[in-house]
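Written below as structure tokens is the structure these notes are about.
Residue numbers (my numbering): 230 to 470.
Laid out in structure tokens, this is it:
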């Protein structure tokens, strides 16, 4: 794609779902001559603490790479109202389609406000997200507002792999679920790893348990809950939990 664009046409609003997904996408858009503006709008993310952790990481990389960033409202109640009745849908089903459209509509509206005529999204870098479906929704949303949608399947050409490598280099937080509370279910359903040794000492028990129960890592939460139910001493070695 040519980089010989006018200053106006080179501007693109990028809907950012999270920092890890944005890494590869920002680089590739800049490589083809776009002046990227970020837009973080993800009211689906739950809990609130997780939302702000992802937002902070997004702000960090945008500041690092000098990307202007607009932040939308965290209106989780509005999101819940939109997907009411679809709570039991499997991940990637109708609930997700509503979520994609809702966020892309907000991105298109923001682009219109800023006078930017083209938008894109980081969503398609995920190996779990259907690029064909998301691109079609993006085109439909943009047509209504006379905008252009940048179609892409960012996971191709090792896009997802590159994002993982960049996260390691920059120590970027990478979550283990999509965002909404319903997407946590498949993660919880995975069998926990067996701990062959727990090195937590007796004198650190109160502090360590506080960390486990408040941790953002779901694996740690499950471990703490199972320990509590079985009343197992966390410092005992070679104990299955």
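Glycine residues also receive a C-beta, built at the ideal position from the N, C-alpha and C atoms.
DSSP three-state assignment for residue i, whether helix, strand or coil
i           : result
residue 267 : strand
residue 318 : coil
residue 350 : strand
residue 341 : helix
residue 274 : coil
residue 435 : At residue 435 the pLDDT is 35, less than 50, meaning the model places this residue with poor confidence; the figure from the coordinates comes in the next sentence. DSSP places residue 435 in helix when its eight states are reduced to three.
residue 411 : helix
The beta strand (DSSP E) enclosing residue i, as first and last residue numbers
i           : result
residue 300 : 298-300
residue 277 : Careful: residue 277 lies outside any beta strand (DSSP E), inside the alpha helix (DSSP H) at 277-293.
Residue interval of the alpha helix (DSSP H) (run including residue i)
i           : result
residue 307 : 305-311
residue 251 : 248-260
Through-space distance from residue j to residue i, alpha-carbon basis
i           : j           : result
residue 231 : residue 380 : Per-residue confidence for residue 231 stands at a pLDDT of 37, beneath the threshold of 50, marking its modelled position as unreliable; the derived number appears in the next sentence. C-alpha separation (whole angstroms): 15 Å.
residue 248 : residue 365 : 24 Å
residue 316 : residue 333 : 20 Å
residue 251 : residue 355 : 11 Å
residue 444 : residue 296 : Note that residue 444 has pLDDT 40, beneath the 50 cutoff, so the model's placement of it is unreliable and the number below is only indicative. The straight-line gap from Cα to Cα measures roughly 30 Å.
residue 291 : residue 257 : 15 Å
residue 349 : residue 268 : 10 Å
residue 278 : residue 405 : 15 Å
residue 242 : residue 275 : 24 Å
residue 300 : residue 289 : 13 Å
residue 265 : residue 347 : 10 Å
residue 391 : residue 400 : 14 Å
residue 384 : residue 352 : 10 Å
residue 298 : residue 393 : 22 Å
Restricting to runs no shorter than 4 residues, where is the alpha helix (DSSP H) found entirely within the stretch 354-406?
With a minimum length of 4 residues, the continuous alpha helix (DSSP H) runs that stay inside the stretch 354-406 are 360-373 and 388-399.
Could you say if the stretch 360-375 and the stretch 272-292 meet the contact criterion of at least three C-beta pairs nearer than 8 Å?
Remark: fewer than three beta-carbon pairs, one from each stretch, lie closer than 8 Å, so the stretch 360-375 and the stretch 272-292 are not flagged as touching.
Taking 8 Å as the cut-off, does the stretch 317-331 touch the stretch 339-348 (at least 3 CB pairs, one atom from each stretch)?
Under the Cβ criterion (8 Å, minimum of three pairs), the stretch 339-348 does not count as touching the stretch 317-331.
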